[in-house]
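Residue numbers (the numbering used here), protein chains in the order written: chain A, 40 to 569; chain B, -2 to 371.
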């Protein structure tokens, strides 16, 4: 339901889809043509005979799970990697790229998921850095700034060229990246997951920019795993799986289910139904919690409670205090003010150990940083929170057989795809790493689960699994605090939705009554009068 | 994909040792090539090197005896490094362990044989642990980098030793700067008569096995390994990483202290003299690196270095090849072993999720190296 509204919001804008009417494709020379691109890394074929065409004035969606080879392909197109085989043509001319400068000269540019800007420099300086000029690159900054102002006005990309990058919001940084590409006269613009940092409203603005750019005769490649966004804006979708192109279809006739099936290679349940369970006692209560660090207020008087058999979703654009909230609740940092009550037990200086012992479990937002130890094997990762309990050790010695049988059971139960528990975790896919975290945390039978961005970077199949686990936890009477930047996810799982902005919890809405628009405005910090 | 992956997993277990042995052979080969280039017969040099290290029962015993403190120091390094704490002060901790152990041996007379030795060793361990504990405490509570503090404390220990053998512990009536003679009750008994090899060889081998077992099969070892592999994840899992690091450094110092005490209480000279621990501290770290931080592998690695040291002397005497050449050999072998370890590591890592790796690392490294993360 949410999604149709959302899609409508994007589709309903007045700009026509595909500015130049789709002509018979064979008649036109593509802007960019990849033929039989193959790239192998030791032990893995990242791209196998990939064919892809991008036409002038077109928005091409590139869809695929993690590991499907999208990033490798785009790294080839932007000159970062050299293909083992195949050819690249730009405007019908076969070209060889040795580095990213070559790609830039050919008019190919990319906005990376993690922005490539120097935070301490101004927007104009950042743009100047990439210019190939005869004079020292920074001597022309003033002229570049003026030119940027023109470009920025023309496309409605509002950024102050004289502002330092670190003072900009994420949305502004993204616009700065786009300005840079335009200044470099890029004809082919590649966007890697551009929406993950945007509010719905910002995404609608960006989609207008996409259309304007395409209408001018540029080509846009839009990498995403969010099917709705893709269908809302793309002219055609190319789907990759296991390093190969599964197919390219016009977006007009496509639907979510078809694309998801192409992506995963099997039928996927896209809509996990939210179980209706009457909420019970309060499991987690947060009372007026504030956090200050280095003179900055990161959390400002945050209060809420989560009940047993309830999912409270907290949404917001990344960096509005969600990470700090999770660290606080799991005992990694201490609050400057306020109290946390877990199952009625009030704590001021909670330690991670106490959090676990009180019945807490956490899926950290950054899997590699906090969730798993990549250098250790699967067994150690499955055991690292519980090895000291009497079940798995006695007098400081680990009970190997109990540990082995638990690991085997967890691998089975959580469908972790690994030959055995001796595998080092960095050899597992992201989805299986996340399942490892889930298995470790959920097997304890926690009363309170804190799930921070639990599906970030996961493919559709793994997302489905995580959702089922969270719903199962709820059916069993567990409380869940879900922290997510994805509205879709929050609406799918949550009973109530709170919005965080600038360290404050703006409001908590009933998920059945809240609309995406309402939540989106709150995410941008606009208070709605109740 | 899965079967491919699992066959790789299986073969990778043997890969490390095989590559290490190849690296050693290659390193020796290059050294002998250097000797040949210098105009000396490499065959005879090899012969001399071998004879010097293992030519007779006595020489073999001396080589093994020299390897023992190296193993202890290497184990100390490994314990600290498991929690990613870098203890470069092992030499200083050896010295302090030697001094404290010697104090018990010399100034606590009348204790029965055996018990006296045990007591002296325990106090030696304590000395090393406490000395490492100073650096560990500074790290834990004041955030002082332990690499810097342990390194600098080596110099303090050296000066301390210099002072005690000239001052308070100097044997009366002798001209050289050394302590009095260690009484028999506090000495290791010889395993082979008239050789420096004592029965502590069993203790050292036992300790290597014990440390290997401890790291793998105890909760303490688990805490060390998880903390070392990912401190953030360890903390989130309820492990008190600061106290783990502190303990790791102290255990590390204790092992070095034991090595230091053993050098005095098992030495042929039966006294503590200036420089008794010299070069063992750093060479022990080399042993740990050669062993790729595997406790059991410290035994062959220490034997290799000890035999190069012992054999180098004879090589110089017989052929005039400078004994320092064995240091070159040591360096080359070390380069090959650590270099090939990186290759092994990369070969073991089968990246299944390339996309994710790319996007995860792209923010860290902007240069063309970003592509090599697979």
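All C-beta atoms in this analysis are idealised placements derived from N, C-alpha and C, irrespective of residue type, glycine included.
Specify, as a first and last residue, the run of the beta strand (DSSP E) that residue 535 of chain A falls within. 535 to 540
Thinking C-beta only, is residue 87 of chain B closer than 8 Å to residue 259 of chain B? no
Which of helix, strand or coil DSSP assigns to residue 340 of chain A: strand
When we look at the beta-carbon of residue 112 of chain A and count the other beta-carbons within 10 Å, is it buried (16 or more) or exposed? buried
Chain-ordered residues of the segment 211 to 223 of chain B with a beta carbon less than 7 Å from chain A: 214, 215, 216, 217, 219, 222, 223
In whole angstroms, give me the CA-to-CA distance for residue 230 of chain A and residue 116 of chain A. 12 Å
Distance, residue 523 of chain A Cα to residue 301 of chain A Cα: 26 Å
Taking only beta-carbon positions, decide if residue 14 of chain B is within less than 8 Å of chain A. no
So, helix, strand or coil for residue 12 of chain B, using DSSP? helix
Residue 326 of chain A and residue 377 of chain A closer than 8 Å at C-beta: yes
If you follow the alpha helix (DSSP H) that residue 289 of chain A is in, where does it begin and where does it stop? Residue 289 of chain A -> not in any alpha helix (DSSP H); beta strand (DSSP E) instead, spanning 283 to 289.
So is residue 129 of chain A in contact with chain B if we call contact Cβ pairs under 8 Å? no
Taking just the CA atoms, how far does residue 221 of chain A sit from residue 146 of chain A? 9 Å
Is residue 154 of chain A helix, strand or coil when you go by DSSP? coil
Whole angstroms are fine: how far does the CA of residue 309 of chain B sit from the CA of residue 326 of chain B? 10 Å
Along the segment 269 to 291 of chain A, where does the CB come closer than 9 Å to a CB of chain B? Name the residues. 281, 282
Validate contact between the segment 421 to 439 of chain A and the segment 467 to 486 of chain A using beta carbons, cut 8 Å, 3 pairs: yes
Inter-residue Cα distance where the pair is residue 185 of chain B and residue 145 of chain B: 35 Å
Please classify residue 151 of chain B as buried or exposed, where buried requires at least 16 neighbouring CB atoms within 10 angstroms. buried
Taking the straight line between their C-alpha atoms, what separation do you get for residue 510 of chain A and residue 313 of chain A? 7 Å
I need the boundaries of the beta strand (DSSP E) containing residue 401 of chain A, first residue and last residue. 399 to 402
So for residue 549 of chain A, helix, strand or coil by DSSP? strand
Quick check on residue 248 of chain B: buried or exposed, where buried means 16 or more other Cβ atoms within 10 Å of its Cβ? buried
For the segment 392 to 414 of chain A, which residues have a CB atom closer than 9 Å to at least one CB atom of chain B, in sequence order? 392, 393, 394, 395, 396, 401, 403, 405, 407, 408, 409, 410, 411, 412, 413, 414
Measure the C-alpha to C-alpha separation of residue 568 of chain A and residue 554 of chain A and round it to an integer number of angstroms. Annotation note: pLDDT 49 at residue 568 of chain A (below 50); position unreliable, no value reported.
Use the C-beta contact count for residue 263 of chain A: other C-beta atoms within 10 angstroms, 16 or more gives buried, fewer gives exposed. buried
What are the partner residues of residue 175 of chain B, as DSSP defines its beta bridges? B:270
I'd like to know if residue 504 of chain A contacts chain B, where contact means its C-beta is closer than 8 Å to some C-beta of that chain. no
Within-8 Å CB hit, residue 251 of chain B to chain A: no
Mapping DSSP to helix, strand and coil, what is residue 346 of chain A? strand
Starting from the Cα of residue 124 of chain B, find the closest Cα among B:140, B:99, B:135, B:85 and give me that residue. B:99
In the structure shown, what three-state DSSP assignment does residue 296 of chain B receive? helix
Give the residues of chain B in contact with residue 432 of chain A, contact being defined as C-beta atoms less than 9 Å apart. 215, 216, 219
For the segment 542 to 549 of chain A and the segment 327 to 341 of chain A, state whether three or more C-beta atom pairs, one from each stretch, are separated by less than 8 Å. yes
What does the alpha-carbon distance come out to for the pair residue 547 of chain A and residue 351 of chain A? 9 Å
Whole angstroms are fine: how far does the CA of residue 494 of chain A sit from the CA of residue 405 of chain A? 11 Å
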